[in-house]
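Residue numbers (my numbering): 6 to 136. C-beta atoms are modelled at their ideal positions from N, C-alpha and C, and glycine is treated no differently. A quick write-up on the structure given underneath.
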């Protein structure tokens, strides 16, 4: 699998929110031949776009919930934040708002959501340390 070198602030993950995850899976499977792998114990579904993508894929499909951004559909992108705490602090100092605080994702890493001063909703991602 391809390994890409990413730097802090690089776009690293794209998430599709859906009001009907099954319908979305059928659509993207039919159009782009994407593969989907549910993560046990969650409502989240990894998306594999190709053998050559970032470790086979770069995104996921999430059923819109009360914790999701206000839209029931759309594309949600994540910026890489190797030092999540420092990034969150910088966002708050610069006038941004943390919408979902730093949250562990079953040992795979951490995410958070924030709004920039213009109201754009963006995610942060930190991979779990290797080892």
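Leaving aside the five residues before and after residue i along the sequence, list all residues of the same chain whose C-beta is less than 8 angstroms from its C-beta, in chain order.
i: residue 80; result: 19, 20, 21, 22
i: residue 101; result: 119, 120, 121, 122
i: residue 99; result: 122
Comparing alpha-carbon positions, which option in the options lies nearest residue i?
i: residue 135; options: 125, 112, 126; result: 112
i: residue 127; options: 96, 33, 41, 32; result: 96
i: residue 145; options: 25, 104, 11; result: Absent from the structure is residue 145, since the part of the chain shown begins at 6 and ends at 136.
i: residue 10; options: 106, 87, 110, 114; result: 87
i: residue 39; options: 64, 82, 13; result: 64
i: residue 15; options: 114, 49, 85; result: 85
i: residue 27; options: 41, 17, 37; result: 41
Indicate the three-state DSSP secondary structure (helix, strand or coil) for residue i in the structure shown.
i: residue 12; result: coil
i: residue 97; result: helix
i: residue 27; result: helix
i: residue 6; result: Residue placement at residue 6 is flagged as unreliable, the pLDDT there being 43, under the threshold of 50; a coordinate-derived value is accordingly withheld.
Please go through the same chain and pick out, in chain order, the residues whose beta-carbon is closer than 7 angstroms to the beta-carbon of residue i, but skip the five residues on each side of it.
i: residue 110; result: 116
Residue i: buried (16+ other C-beta within 10 angstroms of its C-beta) or exposed?
i: residue 44; result: exposed
Inter-stretch contact (C-beta, 8 angstroms, three-pair minimum) for the region 81-98 and the region 125-133: yes
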